[in-house]
Amino acid sequence: MKQELTITDFKVQTTIVVQWGEMDAFHHVNNVNYVRWGETARIDYFRALGFIITQDPKNMRYAPTLGFQSVKYISPVLYPDTIFIGTRTEEIKEDRFVLKSYFFSTEQNRLVAIKTHEVIIVDYNKQQKIALPKAIIEDINQLEN
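Quick note on numbering: the numbering used here labels position 40 of the sequence shown as 46, and the sequence is numbered without any gaps.
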């Protein structure tokens, strides 16, 4: 039997307190908020990898950039609630790594959404996507293991 994930299964964790204004006309959190929360979780993951996120990416030799994202909605979230997001790398490819963020509701005591982030690396001097540097792969392996 497959064991269910919990927030403790993740090295990188983000806490989101649901705000009243995040609800929509149907009285649950609007879908765009999951994307915003996932962005915060992704930046937390980048920081855990050692990326220094600056206001001007040209000050960075290369930087992680979102290439694709999707959200699987499992259960609607209501106010009040606190969401714990666990993020980890689930796949490493030649030119990208794939993060997944798992959203856990305190009120529902369950997984409520999963966000996929495909991250590419951009060389800002050349203004182009590059192969995933070995140093990033090593940093991911060190963080996750």
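Cβ coordinates follow ideal geometry from the N, Cα and C atoms, glycine included.
Among the options, nearest to residue i - alpha-carbon criterion
| i | options | result |
| --- | --- | --- |
| L84 | G73, I98, V23 and I91 | V23 |
| R67 | L149, I136, D145 and E150 | I136 |
| T12 | K99, F109 and D62 | F109 |
| E28 | F16, R42, N65 and V18 | R42 |
Residue i burial status per 10 Å Cβ neighbour count (16 or more: buried)
| i | result |
| --- | --- |
| V38 | exposed |
| V125 | buried |
| H33 | exposed |
| I143 | exposed |
| A31 | exposed |
| T93 | buried |
| A141 | exposed |
| E10 | exposed |
heavy atom of the ligand FMN below 7 Å from residue i C-beta
| i | result |
| --- | --- |
| D87 | No copy of the ligand FMN appears in this structure; indeed no ligand is present at all. |
8 Å contact criterion, which residue i and residue j should meet: CB distance rounded
| i | j | result |
| --- | --- | --- |
| T20 | I91 | 4 Å |
| E113 | D87 | 4 Å |
Beta bridge counterpart(s) of residue i as assigned by DSSP
| i | result |
| --- | --- |
| Q25 | Partner(s): none; Q25 has no beta bridge. |
| L72 | V125 |
| Q19 | G92 |
| V35 | M29 |
Taking the runs of the beta strand (DSSP E) that are 3 residues or longer, which of them lie wholly in the stretch 80-139?
88-98, 102-111, 116-129 and 134-136
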